[in-house]
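Asker: Taking numbering that gives the first Met the number 0, I'd label the letters of the sequence shown as residues 0 to 185. Don't be surprised by glycine CBs; every beta carbon is placed ideally from N, CA and C. Handing you this structure, nothing more for now.
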Amino acid sequence: MGPEHVGTELAEVLIDEPTLTGRIQQLANSLAADYEGERVLFVGVLKGAVMFMADLARAMPCSVEMDFMSVSSYGYGTQSSGVVRIMKDLDIPLEGRHVVLVEDIIDSGLTLSWLLRTLSARHPASLEVCALLRKREALQVELDIKYVGFDIPNAFVVGYGLDYAERFRNLSVIATLDPANATTAG
Ligand code: PRP
Numbered sequence: 000m001g002p003e004h005v006g007t008e009l010a011e012v013l014i015d016e017p018t019l020t021g022r023i024q025q026l027a028n029s030l031a032a033d034y035e036g037e038r039v040l041f042v043g044v045l046k047g048a049v050m051f052m053a054d055l056a057r058a059m060p061c062s063v064e065m066d067f068m069s070v071s072s073y074g075y076g077t078q079s080s081g082v083v084r085i086m087k088d089l090d091i092p093l094e095g096r097h098v099v100l101v102e103d104i105i106d107s108g109l110t111l112s113w114l115l116r117t118l119s120a121r122h123p124a125s126l127e128v129c130a131l132l133r134k135r136e137a138l139q140v141e142l143d144i145k146y147v148g149f150d151i152p153n154a155f156v157v158g159y160g161l162d163y164a165e166r167f168r169n170l171s172v173i174a175t176l177d178p179a180n181a182t183t184a185g
């Protein structure tokens, strides 16, 4: 789904495809340099991180292992509550592994904060975060995030894995959405 859909429900393109591709290659280059000679495990958080994980992993010049987990917030509506439940756990044990947690977006930071506590308790050799997007203004907790693609304004964003009621995940760009103009069907 291309950016030609922007203009009706979607307000504007925030990050276009070449910009995404270029930044993801830079992140992959930094990761490759920092983990040179190590066995790295990318942990993706479903579903939003799928596109980013797939492109980041393919941009790596070396082999990486990949695993996925699915978590669900107990919060109401679209706001994260920080109370999280594991819906699908990882298949690969983390003990002694160099782990990179791959996230699509850090909004309040509450989900990530919980994930870092939970995954640290499994005694990885190292644990870092690589997030495509971060909303600095929305952050409610102090987080040490080593790899960030883009700092973005506190707007509702969709595309490249991010959804509005499960729509727009397959949009090839990151766009802003006006919920007042968007339908949940279609
Ligand atoms: C999104 C995103 C993060 C979380 C960020 O997931 O992937 O996991 O919200 O929000 P926070 O920083 O305020 O905690 P979501 O619950 O929308 O699930 P999805 O990836 O399946 O769309």
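By DSSP, does L170 sit in helix, in strand, or in coil?
Answerer: For the purposes of this step, residue 170 is identified with residue 171 of the sequence shown, where counting begins at 1. Three-state result, L170: coil.
Asker: If contacts are defined as beta-carbon pairs under 8 angstroms, then V39 and V99 qualify, I think. What distance do you get, rounded to the angstrom?
Answerer: Your numbering for residue 39 matches position 40 in the sequence shown. Your numbering for residue 99 matches position 100 in the sequence shown. Indeed they touch by this definition, with Cβ atoms about 6 angstroms apart.
Asker: Indicate whether the contact test is met: 3 or more Cβ pairs, each with one atom in the region 22–40 and one in the region 54–73, closer than 8 angstroms.
Answerer: Touching, yes, given that three or more Cβ pairs across the two stretches are closer than 8 angstroms.
Asker: Are the CB atoms of G160 and R166 within a distance shorter than 9 angstroms?
Answerer: Within the sequence shown, the letter at position 167 stands for residue 166. Within the sequence shown, the letter at position 161 stands for residue 160. No, Cβ-Cβ distance for R166 and G160 is not below 9 angstroms.
Asker: Of all the options G108, S119, S72, which has the alpha carbon lying nearest to the alpha carbon of V42?
Answerer: Mapped onto the sequence shown, residue 42 falls at position 43. Comparing Cα-Cα distances from V42 to each of G108, S119, S72, the minimum goes to S119.
Asker: In three-state DSSP terms, what is R116?
Answerer: Indexing the sequence shown from 1 puts residue 116 at position 117. It is helical.
Asker: Would you call the CB atoms of F155 and L176 closer than 9 angstroms?
Answerer: Residue mapping note: residue 155 aligns to position 156 of the sequence shown, counting from 1. Residue mapping note: residue 176 aligns to position 177 of the sequence shown, counting from 1. In contact: F155 and L176 (Cβ atoms closer than 9 angstroms).
Asker: Identify whether M68 lies in helix, strand or coil by the three-state DSSP scheme.
Answerer: Taking the first residue of the sequence shown as position 1, residue 68 is located at position 69. In the structure shown, M68 sits in a strand (DSSP, three-state: E or B).
Asker: Name the one or two DSSP bridge partners that T175 has.
Answerer: The count along the sequence shown starts at 1 and reaches residue 175 at position 176. DSSP, once it has assigned bridges, lists E11, V156 as partnering T175.
Asker: Quick check on this structure: which residue in A164, T183, P152 has the alpha carbon closest to the alpha carbon of G11?
Answerer: Numbered from its first residue, the sequence shown carries residue 11 at position 12. Contrary to the premise, residue 11 reads as Glu rather than Gly in this sequence. Out of A164, T183, P152, P152 has the C-alpha closest to the C-alpha of E11.
Asker: Classify D48: buried if its beta carbon has 16 or more other beta carbons within 10 angstroms, exposed otherwise.
Answerer: Here residue 48 refers to the residue found at position 49 when the sequence shown is read from its first residue. The question names Asp, yet the displayed sequence has Ala at residue 48. Buried, because 16 or more other Cβ atoms sit within 10 Å of the Cβ of A48.
Asker: What are the partner residues of L55, as DSSP defines its beta bridges?
Answerer: Here residue 55 is taken as the residue at index 56 of the sequence shown, counted from 1. None, per the DSSP bridge assignment.
Asker: Is it buried or exposed for T182, if we count other Cβ within 10 angstroms and need 16 for buried?
Answerer: Here residue 182 corresponds to residue number 183 of the sequence shown, with the count starting at 1. T182 should be labelled exposed.
Asker: According to DSSP, is L138 part of a helix, a strand, or is it coil?
Answerer: Counted from its first residue, the sequence shown places residue 138 at position 139. Correct three-state label for L138: coil.
Asker: Among the residues of its own chain, which have a CB less than 8 angstroms from the CB of D66, if the five just before and after it don't count?
Answerer: Taking the first residue of the sequence shown as position 1, residue 66 is located at position 67. Result list for D66: L40, F41, V42, G43, L89, D90, I91, in chain order.
Asker: Nearest to D191 by CA position, among E3, E8, V147, is which residue?
Answerer: Within the shown structure, residues of the chain are numbered from 0 to 185, placing residue 191 beyond reach of any answer.
Asker: Could you check which residue in P123, H122, L126, L111 has the C-alpha nearest to that of K134?
Answerer: Here the question's residue 134 lines up with position 135 in the sequence shown. The shortest Cα separation from K134 among P123, H122, L126, L111 belongs to L111.
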